[in-house]
Amino acid sequence: MKPFDPRLMRYAQATRSYLVLLVALGLGMTLLIGAQTYLIAAIISPLFYHQADLPELSKLVILLATVFIARAIVVYVQGAIGHRSAVRVISQLRLRVLRHAGDLGDRWLARGNTNEVVTLTTRGLDDLEDYFVHFLPELFLTATATPLLLVVVAYVDFLSALMIVLCLPLIPLFMILIGKMTASYSAKRLRSMERLGSQLLDLLGGLATLKGVGREQGPTKRVDDLGLSFAQRTMNTLYVAFLSGAALEFITTLTTALVAVSVGLRMVTGNVLLFEGLLVIMLTPEVLRPLREVGTQFHASANGVAAAERAFKILENEPYTHSGRQPVPPMSTTPIRFDDVSVLAPKRATVAPSSLTATIEPGTVTVIRGASGSGKTTTINVLLGLIPPSSGRVLLGDIPLSDIDRQQWWSHITWVPQRPALVPGTIADNLGADPQLPAVQYAASMTGFLDVVNALPAGWNTHIGQGGTGLSVGQRQRLALTKALISASQIVILDEPSAHLDAISEENVSAVIHELRGRGHTVIVIAHRAAMSELADNLIDVTSRSQITREAL
């Protein structure tokens with residue numbers, strides 16, 4: 001990322017007001033620095049030459065004390081505003097990343113981007129605080145204080161200003177050289193943190209299973225190794241930051257020393273007055289300080305810069321926009337038609353599904369089948385409006401799905417994925433209905449989930465964890481099927497409903513499908529097993545083909 005990336009203002013509006021305040025505070029700080037050095041020189045010079053006593057200079061001393069206090073207040077206000085603005089910017093950026101990741105959809109998240117989003121929105125973006133609190137104020141002070149104070153030095157002693165100008169480029173040169181190393185270390189640190197977070201999330205998700213088979217201590221060494229690797233990456237970044245700080249301090253000290261020696265020699269010969277010499281010597285480090293601090297703080301905030309770069313990369317992925325506004329036609333009488341639908345998967349160089357043409361009649365059971373990777377789940381994602389077809393279209397009757405209001409379309413659909421999404425809470429909370437209602441009891445009995453609930457000490461009030469921890473995969477599937485059975489949605493989509501079930505439970509699934517069809521629901525099933533295909537009123541065979549083969553043809 002550049003020292004200041006304009007994308008921050010685009011994605012986090014709080015940045016704009018903060019920058020306006022920084023400019024104002026930077027100008028104020030520049031005036032205070034100039035006043036401070038002038039007053040110190042104006043007090044010391046007459047005292048040294050015995051031209052005035054301290055009581056005679058009391059007004060200047062009071063003014064100097066006032067300037068010191070004002071400068072301290074500006075520094076405090078700058079820090080307070082920086083912390084407050086950093087929190088607001090990080091919150092806005094975090095929210096934008098989360099919303100955009102949701103807009104990009106499950107297909108994008110499934111490519112391994114979930115862990116990156118989790119790391120960025122939890123720990124990664126927090127490192128931006130150093131960037132806002134320490135780096136940006138010094139950057140804007142460099143843009144205001146350095147040139148203005150350099151003009152003052154040039155007005156008082158042109159030779160000293162020339163020496164500063166000749167030494168000044170060494171600071172950004174060292175910043176660039178060391179910055180290349182810091183950027184690499186910071187990127188590696190962020191990747192290490194993502195790997196550690198991914199491993200820990202996987203471990204926590206499967207901890208109950210590992211404990212059940214007595215292997216809860218198995219991943220300990222791997223987690224320790226990842227933690228050690230992360231610590232080493234962090235120390236490497238800090239090492240480079242300290243190295244850069246030492247190099248910048250050396251250049252600043254050398255420049256100040258050269259100016260001081262030059263001014264001192266000319267003061268001895270009488271070419272420079274004491275007042276002018278003191279003013280130049282005190283202003284020289286103030287001219288260099290903002291640029292030096294920019295270098296030091298940039299490396300200290302490099303982790304936040306790397307995280308922001310990753311956040312911008314996510315935000316610049318174009319999501320699929322569905323702008324339809326037409327109402328959904330009555331789906332109890334409207335067929336769904338796939339008209340030569342193809343979806344290109346660039347990473348696999350395949351088209352899956354390829355040239356799919358099929359009709360799903362209302363109130364029937366349709367089974368979508370095909371080889372692994374042929375595009376069955378992608379077909380459902382197209383039907384849900386989550387991804388656009390690369391060619392062809394989906395029609396509800398004669399209305400293109402792209403013209404339909406997506407939120408209204410989703411309200412007509414119940415989707416049971418292979419791994420149903422469950423939230424922490426009770427089983428009743430996840431069911432979303434009163435479990436004592438006869439319709440719910442009947443549905444739970446049909447799916448076999450009622451037996452599961454009756455075997456639990458707390459029954460429907462049993463608490464489950466994130467992702468359904470506490471229930472087996474098959475039990476989660478039965479819970480999801482129960483929800484589908486009590487749903488009022490016209491269209492029910494089941495993705496491999498018998499994948500994690502035994503033969504008896506598979507019979508329950510078949511009964512659920514029969515029940516849904518009997519009620520007039522349109523049931524769409526993704527299936528591999530022959531038993532599911534036997535239930536179908538309509539079979540849709542999905543195929544894929546190589547993109548290269550297609551182009552060759």
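Numbering-wise (full-length UniProt numbering), the sequence shown opens with residue 1 and increments by one.
Using N, Cα and C, we set each Cβ at its ideal position, and we do this for glycine too.
Being a predicted model, the structure only gives us computed values, none of them experimental.
| query | result |
| --- | --- |
| Does the segment 24-37 come within contact of the segment 134-148, defined as at least 3 CB pairs closer than 8 angstroms? | yes |
| According to DSSP, is H50 helix, strand or coil? | coil |
| Any idea if V23 is buried or exposed, counting beta-carbon neighbours within 10 angstroms, 16 or more meaning buried? | exposed |
| Under 6 angstroms Cβ to Cβ from H463, same chain only, skipping five residues before and after it: list those, please. | T426 |
| Taking 8 angstroms as the cut-off, decide whether the C-beta atoms of M25 and Q92 are in contact. | Checking the sequence, you will find Leu at residue 25 rather than Met. Result no, Cβ atoms of L25 and Q92 do not sit closer than 8 angstroms. |
| Starting from A358, trace the beta strand (DSSP E) in both directions and tell me its first and last residue. | L356 to I360 |
| Alpha carbon to alpha carbon, how far is V156 from P55? Give it in angstroms, no decimals. | 28 angstroms |
| Short check: CB of Y131 to CB of S301, under 8 angstroms? | yes |
| Could you say which of S487, A480 and A257 lies nearest to S498 if we only look at CA atoms? | A480 |
| How should Y18 be labelled, buried or exposed, when 16 other C-beta atoms within 10 angstroms of its C-beta is the threshold for buried? | buried |
| How is N317 classed by DSSP in three states: helix, strand or coil? | coil |
| Pop quiz: T379 and L356 are said to be a contact at Cβ under 8 angstroms. What is the actual Cβ separation, rounded to whole angstroms? | 6 angstroms |
| Measuring alpha carbon to alpha carbon, tell me which of T37, L120, T15 and L150 ends up nearest I81. | T15 |
| Can you check DSSP and say which residues form a bridge with P400? | L395 |
| Ignore the nearest five residues each way along the sequence and tell me which others in I526's own chain have a CB closer than 6 angstroms to its CB. | I368, K376, D495 and E496 |
| Is D398 near the ligand ATP, in the sense that its beta carbon is under 7 angstroms from a heavy atom of that ligand? | This structure lacks the ligand ATP, and indeed carries no ligand of any kind. |
| Figure out for me which residue from Q36, S505, I44 and A42 has the closest Cα to the Cα of A72. | Q36 |
| Answer with buried or exposed for V259, where buried requires no fewer than 16 other C-beta atoms within 10 angstroms of its C-beta. | buried |
| So what does DSSP say about N538, is it helix, strand or coil? | strand |
| Do you know how far the Cα of V87 is from the Cα of I69? | 27 angstroms |
| Once you ignore the five residues that flank W415 on each side, which residues in its own chain have a CB closer than 6 angstroms to its CB? | I493 |
| Taking T114 as part of the beta strand (DSSP E), name the residues at either end of that continuous run. | Taken as a continuous stretch (DSSP letters only), T114 belongs to no beta strand (DSSP E), being part of the alpha helix (DSSP H) at T114 to T122. |
| What would DSSP say about R519, mapped onto helix, strand or coil? | coil |
| Please tell me whether S342 and V328 are closer than 8 angstroms, where the distance is taken between their beta carbons. | no |
| My output table needs one value for T350: the three-state DSSP class, helix, strand or coil. | strand |
| Comparing alpha-carbon positions, which option in L203, V117 and T256 lies nearest M163? | T256 |
| With distances taken Cα to Cα, identify the nearest neighbour of I404 among R478, R545, V223 and L383. | L383 |
| On the DSSP bridge assignment, give the partners of S342 in chain order. | S391 |
| Go through the segment 463-489 residue by residue and report every complete run of the alpha helix (DSSP H) that reaches 4 residues or more, in order. | 473-485 |
| Q199 and R222 - do their beta-carbons sit closer together than 8 angstroms? | yes |
| Kindly indicate the opening and closing residues of the alpha helix (DSSP H) around W410. | R406 to W410 |
| I think G432 touches R478, with their Cβ atoms under 8 angstroms apart; what is that distance to the nearest whole Å? | With 8 angstroms as the limit, G432 and R478 do not qualify as a contact, their Cβ atoms being about 15 angstroms apart. |
| Which residue's Cα is closest to the Cα of A12: R517, A536, R96 and T284? | R96 |
| Following the continuous beta strand (DSSP E) through T378, name the residue where it begins and the one where it ends. | Taken as a continuous stretch (DSSP letters only), T378 belongs to no beta strand (DSSP E), being part of the alpha helix (DSSP H) at K376 to L384. |
| What did DSSP end up calling T543 once you bin it into helix, strand or coil? | coil |
| Contact check, L539 vs S533 under 8 angstroms by CB: the rounded distance? | 6 angstroms |
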